Each structure stands twice: as structure tokens, then as C-alpha cells.
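Chemist: There's a structure below that I have some questions on.
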């Protein structure tokens with residue numbers, strides 16, 4: 029876990045810097061400068077692009093990580109990157125054709141409740157293209173166990189660009205139309221920076237080694253990619269279809285309330301996202317070498333680390349959630365229960381560890397695809413049932429239900445097939461620490477000033493969580509990180 033801890037720590041640090049910037053963008057700027065319909069429009073355009081790009085890449089994201097160990101020779105990948113650039117372009121053309129064919133159906137679904145989305149719909153096309161290639165380069169760097177640079181571009185640089193655009197909007201240098209235009213274009217800048225970075229590191233090569241990409245390898249590669257398309261698209265569908273369906277059933281204002289709550293959950297899943305990205309290439313390598321002991325170690329430690337850090341963030345946020353919504357205003361407090369439901373589902377996802385990644389890099393990857401497809405349909409069905417009944421809370425419940433079912437299926441499959449499970453006695457300790465802390469928080473008196481209340485409440489919660497975690501040595505990775513930082517501080521003195 030040394031590589032995982034080091035890379036994940038860097039990526040997580042950059043991600044949290046990005047979260048601070050994003051927090052300012054969303055809570056202090058977007059929710060104040062834009063109407064709910066405009067804020068909802070930006071979110072729905074992004075969701076459409078994220079979902080469609082997951083289909084358009086034709087399985088490239090996972091395939092780059094899966095097959096990199098077979099192609100890698102030091103700085104050279106024998107043309108794997110060139111394959112990763114060509115295949116998604118073909119997929120983009122196919123996706124564009126499908127969008128044109130189903131344009132009338134899309135218009136009919138959204139025209140009544142979200143007419144603004146129809147007006148700006150065509151901006152989703154270039155956004156799909158640019159987002160797709162951003163993710164291709166991100167996956168390629170991930171395959172090289174390098175997530176820090178992509179984390180910087182995605183979570184820091186891109187959000188600083190958005191901050192700049194919002195400032196321009198505030199001073200009326202641009203209107204909302206040009207904000208959307210420049211927002212889409214910002215992803216093109218990322219692609220240029222990705223390419224320049226790879227060239228600088230002498231890792232950008234498009235020369236394909238046909239001796240490596242043999243007929244047998246091509247068959248395995250394309251077969252794996254085909255299943256990855258369905259698996260990846262279904263996984264994204266579980267997380268994005270709720271907002272897409274809210275826009276159709278309830279409108280863009282409700283989409284904004286829901287998206288705001290979803291954004292808060294991003295704070296919780298950042299450690300999980302960072303650990304998962306670093307763990308996947310290590311799992312692929314361990315599977316290739318048949319090091320099941322390493323897979324078991326990654327499985328258990330990823331579960332514990334994700335749940336500990338994600339759970340701590342959730343408890344800190346929930347302790348001051350009313351203060352947060354009071355600061356935000358404009359009716360966004362309607363998303364409080366949405367946040368709670370989604371946050372709990374994220375914690376459940378974390379406690380089950382990297383079960384999905386283990387299956388996706390193994391010979392059982394077809395199972396992951398099959399279940400992902402079935403659960404994708406389940407997500408659509410449950411949203412269709414619960415949104416009309418419980419509105420935005422119904423969408424949150426539908427998504428949470430699907431995530432829980434998905435993880436239970438994956439957990440049981442890995443347990444039966446590989447005899448691996450992610451839980452240890454330390455998992456119970458974390459549950460106990462988080463539960464007791466949440467209970468104590470309910471009895472803490474409220475201070476009149478919401479800023480002071482948030483500060484004192486957060487300090488107490490942090491002490492209640494991290495003090496026993498450190499001294500009881502619940503997590504090796506947590507203690508290692510704390511010891512490293514304290515050693516650096518002592519060295520400076």
C-alpha cells in the first residue's frame with residue numbers, strides 16, 4: 029500500500045484544494061449569480077456529456093489500465109495510447125449519429141419542464157467530445173500510476189478557469205450564453221496540457237508495435253473493451269440518470285437543488301476516488317502475477333481507508349449541515365434529506381472497498397458488466413417510480429437503493445469466487461467511533477453565530493474521531509500519514 033498511500037495522498041490533497049475552489053464556485057457564486065434554472069442547465073449539460081462519453085469511448089478507459097502492463101516497456105507503451113485515441117473517436121461518431129436519430133424523443137421528454145435545456149442542447153456535443161478525451165488521458169496517466177497531474181487539471185486548474193468565468197459573469201463582461209461557451213472550451217485547454225505533459229516526460233508516442241498488438245491480443249482487447257462499455261455506462265447511469273430524469277419530470281430548478289446536494293457528497297467520496305484510481309493498476313498487476321495475497325491486502329486496506337476518511341468527512345459535514353444551508357440560502361435547504369440519503373449510500377459503497385475494480389481486472393469481468401446492465405435498468409425503473417412520489421428525495425432513494433444492491437452482489441461474487449472479503453475488526457472500530465461521535469454531536473449546544481458554531485462543532489467532532497483512531501492504531505495508513513506530517517513539522521523546527 030506504499031504506492032497507494034503516497035499517490036492517493038497527493039491526489040487527495042489536490043482534490044481537496046479543488047473542492048475548496050469548487051465550494052466557492054457553487055455555494056458563493058453559482059447559486060447566487062445564476063437562477064436555479066441556469067444552474068440546473070449547467071449540471072444537466074455536464075451529466076449528459078459524462079454519460080454519453082462513457083459510451084462513446086468504447087471501453088477505452090478501463091482497457092488502457094488493464095492492458096498497460098502487457099504493452100509497457102519503460103517510457104514506451106508500444107502504441108497503446110494511439111489505440112486509446114482512435115477507438116474513442118469512432119465511438120464519438122456513432123454516439124453523434126444516435127443523438128441525431130433520437131433528437132425528437134429527447135426534445136419531447138424535456139420541452140415541457142426544461143425548455144432551457146433544449147435551447148442549449150447542442151452544446152452537449154462538443155462537451156461530450158472534449159470530456160471523453162480528458163478521461164482518456166486521465167486513464168492513461170492512471171495506468172502509469174500517475175494521478176497527481178490529472179487531479180491537478182481536473183480538480184484545480186479546470187475549477188480555477190470556472191472561477192474566472194464566474195467573475196467575468198459577475199462584472200457583466202460575459203453573459204450566460206458565453207459562460208456556457210467558454211465553460212465547454214475549457215476542457216480543450218486540459219487536453220492540450222495533457223499532451224504537453226506527456227511529451228515533456230517522453231511518454232507521448234503514437235507508434236503502434238504490431239508485434240505487441242497481435243491478432244490474439246486484439247481479440248482479447250476488443251472483447252474486454254466491449255464489456256467495459258456496458259459496465260462503465262451502466263455505472264455512470266446509476267449516478268447520472270437521477271438528475272437527467274429530474275429535469276424531465278420536475279424541471280431544472282429541482283435539478284439544481286438535487287445537484288447541489290450531490291456536489292456536497294463529492295467531498296465525502298474524494299478519498300475513495302483517489303484510492304480506487306491508484307489501486308486499479310496495482311490490482312491489474314497483481315492479477316497478472318496471480319498475487320492473490322496482494323489483492324486481499326488491497327481489498328481490506330482500501331475498504332478501511334475509504335470508510336474511515338469518507339465517514340469522518342460525512343460526520344463533520346452533517347454536524348454543521350444546517351449552518352451550511354443557512355449560509356447558502358435561496359431554498360437549497362430543500363436538499364438536506366437528499367444529501368443524507370446519498371451520503372449514506374456513498375459510505376456503504378466505500379465500506380465494500382474496491383470490489384468492482386477487482387472484478388473488472390479479473391477473468392470475471394463479464395459478470396461485472398452483466399450486473400451493471402441489470403442495475404442500470406433498475407436505476408431507471410426506481411427513479412421512474414419514486415420521483416413522481418417523493419420528488420428529489422425519491423431520486424436520492426432510488427439511487428441509494430441501486431448502489432446498495434450493486435455492492436451486495438459484487439461483495440457476494442468476490443466472496444464466493446475468490447474467497448476474499450474486505451472487513452476486519454478495524455472496520456467495526458470505525459463504525460463505533462463514527463456512531464458515537466454522531467450521537468455526541470446531537471447533544472452539543474448551538475452557538476448563536478453560525479460561523480462560530482461550525483468551527484467549534486467541527487473541532488470537537490475531529491478530535492472525537494481522529495484521537496481514538498490514531499491511538500488505537502485503527503488504520504496503518506492513517507497513522508503513517510500523521511507520523512509523516514508530524515516528522516516534517518519537527519524537522520522544520
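In this note's numbering, the protein residues as written are 29 to 521.
Cβ atoms here follow ideal geometry from the backbone N, Cα and C, with glycine treated the same way.
All figures in this text were calculated on a predicted structure; none of them were measured in a lab.
Taking all protein chains shown into account, do 16 or more other C-beta atoms lie within 10 angstroms of the C-beta of residue 470, making it buried, or fewer, making it exposed?
Modeler: exposed
Chemist: Evaluate residue 320 with the Cβ neighbour count: other Cβ atoms within 10 Å of its Cβ, from every protein chain shown; 16 or more gives buried, anything less gives exposed.
Modeler: Answer is exposed; the Cβ neighbour count stays below 16.
Chemist: Measuring alpha carbon to alpha carbon, tell me which of 343, 60, 248 ends up nearest residue 394.
Modeler: The candidate whose alpha carbon is nearest that of residue 394 is 248.
Chemist: At which residue ranges does the segment 154 to 221 contain complete alpha helix (DSSP H) runs of 4 or more residues, listed in the order of the chain?
Modeler: 176 to 179, 186 to 198
Chemist: What number of angstroms, rounded off, separates the C-alpha of residue 342 from the C-alpha of residue 485?
Modeler: Using only the alpha carbons, I get a separation of about 13 Å.
Chemist: By the three-class DSSP mapping on this structure, what secondary structure does residue 139 have?
Modeler: coil
Chemist: If the criterion is Cβ atoms closer than 8 Å, does the pair residue 210 and residue 194 meet it?
Modeler: No.
Chemist: Would you decide whether residue 518 is buried or exposed? Buried here means 16 or more other CB atoms lie within 10 Å of its CB.
Modeler: exposed
Chemist: With 16 as the cutoff for other CB atoms within 10 Å, does residue 66 come out buried or exposed?
Modeler: buried
Chemist: Is DSSP giving residue 309 helix, strand or coil here?
Modeler: Three-state result, residue 309: helix.
Chemist: Helix, strand or coil, according to DSSP, for residue 225 in the structure here?
Modeler: Reduced to three states, the DSSP call for residue 225 is helix.
Chemist: Work out the CA separation of residue 79 and residue 153 for me, nearest whole Å.
Modeler: 12 Å
Chemist: In chain order, what are the residue ranges of uninterrupted alpha helix (DSSP H) at least 4 long that sit wholly in the segment 345 to 385?
Modeler: 349 to 356, 364 to 379
Chemist: When the Cα atoms are used, what is the spatial distance from residue 213 to residue 155?
Modeler: 8 Å
Chemist: Can you tell me whether residue 354 is buried or exposed, with buried defined as 16 or more other CB within 10 angstroms of its CB?
Modeler: exposed
Chemist: If I'm right that residue 283 touches residue 71 with Cβ under 8 Å, what's the distance once you round it to whole angstroms?
Modeler: 6 Å
Chemist: Does the segment 176 to 188 come into contact with the segment 127 to 147, if we say contact requires no fewer than three beta-carbon pairs (one atom in each stretch) closer than 8 Å?
Modeler: no
Chemist: Of the residues 460, 488, 478, 474, which one's Cα is nearest the Cα of residue 500?
Modeler: Out of 460, 488, 478, 474, 460 has the C-alpha closest to the C-alpha of residue 500.
Chemist: Using only CA atoms, which one of 49, 50, 56, 45 lies nearest to residue 356?
Modeler: 56
Chemist: For the alpha helix (DSSP H) containing residue 150, list its first residue and its last residue.
Modeler: No alpha helix (DSSP H) contains residue 150, which DSSP labels as neither H nor E.
Chemist: If you run the structure through DSSP and keep just helix, strand and coil, what is residue 392?
Modeler: coil
Chemist: Please return the same chain residues whose Cβ sits closer than 8 Å to the Cβ of residue 9, not counting the five positions on each side in sequence.
Modeler: Lying outside 29 to 521, the shown extent of the chain, residue 9 is not represented and no answer is given.
Chemist: Could you have a look at residue 242 and say whether DSSP puts it in helix, strand or coil?
Modeler: coil
Chemist: From residue 29 to residue 418, what distance separates their C-alpha atoms?
Modeler: Unreliable positioning characterises residue 29 in this predicted model, as indicated by a pLDDT of 47, which lies under 50. The coordinate reading is nonetheless provided below. Distance between the alpha carbons of residue 29 and residue 418: 43 Å.
Chemist: Measure the alpha-carbon distance for residue 494 versus residue 226 and round it to whole angstroms.
Modeler: Answer to the nearest angstrom: the Cα atoms are 39 Å apart.
Chemist: Between which two residues does the alpha helix (DSSP H) carrying residue 55 extend?
Modeler: That residue, residue 55, is in no alpha helix (DSSP H); it is neither H nor E in DSSP.
Chemist: Only counting runs of 4 or more residues, tell me where the alpha helix (DSSP H) segments fall wholly within the segment 65 to 95, in order along the chain.
Modeler: Runs of alpha helix (DSSP H) with 4 or more residues, each lying fully within the segment 65 to 95, are absent.
Chemist: Taking only three categories from DSSP, how would you classify residue 454?
Modeler: DSSP places residue 454 in helix when its eight states are reduced to three.
Chemist: Determine the burial state of residue 43: buried for a count of at least 16 other Cβ atoms within 10 Å of its Cβ, exposed for fewer.
Modeler: That one is buried.
Chemist: Pull up the CB-CB distance for residue 160 and residue 253, whole angstroms please, since I reckon it's below 8 Å.
Modeler: No, residue 160 and residue 253 are not in contact; Cβ-Cβ is about 14 Å, not under 8 Å.
Chemist: Contact defined as beta carbons within less than 8 Å: I believe residue 47 pairs with residue 294. What is the distance between those atoms, to the nearest angstrom?
Modeler: 7 Å
Chemist: Kindly confirm or deny that the segment 358 to 369 and the segment 294 to 304 touch, where touching means at least three C-beta pairs closer than 8 Å.
Modeler: no
Chemist: Buried or exposed: which applies to residue 309, given that a residue is buried once 16 or more other Cβ atoms fall within 10 Å of its Cβ?
Modeler: Looking at its Cβ environment, which holds 16 or more other Cβ atoms inside 10 Å, residue 309 is buried.
Chemist: Quick one: what does DSSP say residue 485 is sitting in, helix, strand or coil?
Modeler: Helix, per DSSP.
Chemist: Measuring only the C-alpha atoms, how far is residue 256 from residue 220?
Modeler: For residue 256 and residue 220, the gap between their C-alpha atoms comes out near 26 Å.
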